[in-house]
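Reviewing the structure listed below.
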Amino acid sequence: MAGVNALPAGSKDVQAMFGRIAGRYDLLNRVLSARLDLRWRRIAVNLLPEGRGEALDLACGTFDLGLAALRQGRAARIHGCDFSVPMLAAGTAKRRGLALSAAAGDALRLPYADAAFDVAMVAYGWRNFGDPLASARELRRVLRPGGHLLILEFFRPVRWFPKAFYATFGRGVFPLAGSLLAGDRTAYRYLHDSVQGFVSTSEAERHLLTAGFAAPRWQAFSGGVSHAVAVQAV
Ligand SMILES: C[S@@+](CC[C@H](N)C(=O)[O-])C[C@H]1O[C@@H](n2cnc3c(N)ncnc32)[C@H](O)[C@@H]1O
């Protein structure tokens, strides 16, 4: 699989970081969330209408969201796209005969034609893309009018519970677990810092509406630690 070149310096660091942790990524997700991450993806996928169309899983990583969408009848075929080739390799190992393909690509310049997909989804990728509005516009470009977008993300917390969660677990426990289980403290400190530097749910919704989406439906998980939002392309 060809890699992705011509990325800005900051993106190259993020790409290298995900490449380093790819082999332990699923394990860390399960441990750090006490397996809640699987449940959040399953519930989030239910925000999409049932259907058998072509679906993009952007920043697919190891394909956990795309696999949930296939299993729950929200797509006939998943096209996974990620700029980390090691993450894609770890993901395709889980394919087991399912209708799943993988392509290396950058979220701001997707390697797909206009209106190529009925559904697009992103789990925990949006805050890494550098420009939330430009990436929402790029997602809109590859969706057909009336198509659906699902985003699952850790948005910058504004309420006390998620704020307290990130100030304790996010800042202290996650980097420690990352260092012990993946040998990479920096990657799990980045998780905390990227959440603090990202948009809130209300700012995210404004970007989605500006990018050409409508009818947002939100779901909060675990007291607002994580959120899913589904919107429709107009
Ligand atoms: C936190 S992981 C999420 C993986 C998967 N969606 C999941 O639910 O576990 C974020 C993923 O986004 C990818 N990513 C980050 N920035 C990207 C970009 N600009 N273009 C494409 N993929 C990107 C990373 O390589 C990584 O696999």
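Residue numbers (this note's numbering): 368 to 601.
From the three backbone atoms N, C-alpha and C, an ideal C-beta is built for every residue, glycine too.
Model, not experiment: these values are computed from the prediction.
- In the structure shown, Phe536 adopts helical secondary structure according to DSSP, grouped into three states.
- When DSSP reads this structure, Met384 sits in no beta bridge, so it has no partner.
- In terms of side-chain proximity, the C-beta atom of Thr535 is found no nearer than 8 Å to any non-hydrogen atom of ligand 1.
- Non-local beta-carbon contacts of Ala487 in its own chain, meaning distances under 6 Å to residues more than five positions away in sequence, involve Leu423, Leu506, Leu510, Leu516 in chain order.
- Following the DSSP letters along the chain, one finds Val601 in no beta strand (DSSP E), marked with neither H nor E.
- The region 585-596 makes contact with the region 410-430: 3 or more CB pairs, one atom from each, lie closer than 8 Å.
- In terms of Cβ geometry, Met384 and Thr553 form a close pair [threshold 9 Å].
- Secondary structure note for Glu572: its alpha helix (DSSP H) is the uninterrupted segment 568-577.
- Judged by DSSP secondary structure, Arg438 falls within the alpha helix (DSSP H) whose first and last residues are 431-438.
- Beta-bridge partners assigned by DSSP to Asp424: Gly447, Met488.
- Distance from the C-beta of Leu432 to the nearest heavy atom of ligand 1 is below 8 Å.
- Setting aside the 5 residues that flank it on each side, Gly545 is surrounded in the same chain by Asp551, Arg552, Ala554, Tyr555, each with a C-beta closer than 6 Å to its C-beta; the list follows chain order.
- The beta-bridge partner set that DSSP reports for Gln586 consists of Ala595.
- When distances are taken from the beta-carbon of Gln586 to the heavy atoms of ligand 1, even the shortest one reaches 8 Å or more.
- Here the alpha carbons of Ala503 and Ala582 stand approximately 15 Å from one another.
- For Pro529, same chain residues with a beta-carbon under 8 Å away, outside a window of 5 residues either side, are Gly590, Gly591, Val592 in chain order.
- Linking Leu395 to Val381 through their CA atoms gives a straight-line distance of about 17 Å.
- The Cβ-Cβ distance between Gly492 and Asp449 falls below 9 Å.
- For Ala442, there is no enclosing alpha helix (DSSP H), as DSSP marks it with neither H nor E.
- Taking Gln439 as the centre and dropping the five residues before and after it, the same chain places the C-beta of Val412 closer than 6 Å to its C-beta, in chain order.
- Residue range 499-509 is occupied by the alpha helix (DSSP H) that includes Ser502.
- Going by beta carbons, Leu434 and Leu455 fall outside the 9 Å limit.
- As the crow flies, the alpha-carbon of Leu543 is around 19 Å from that of Phe521.
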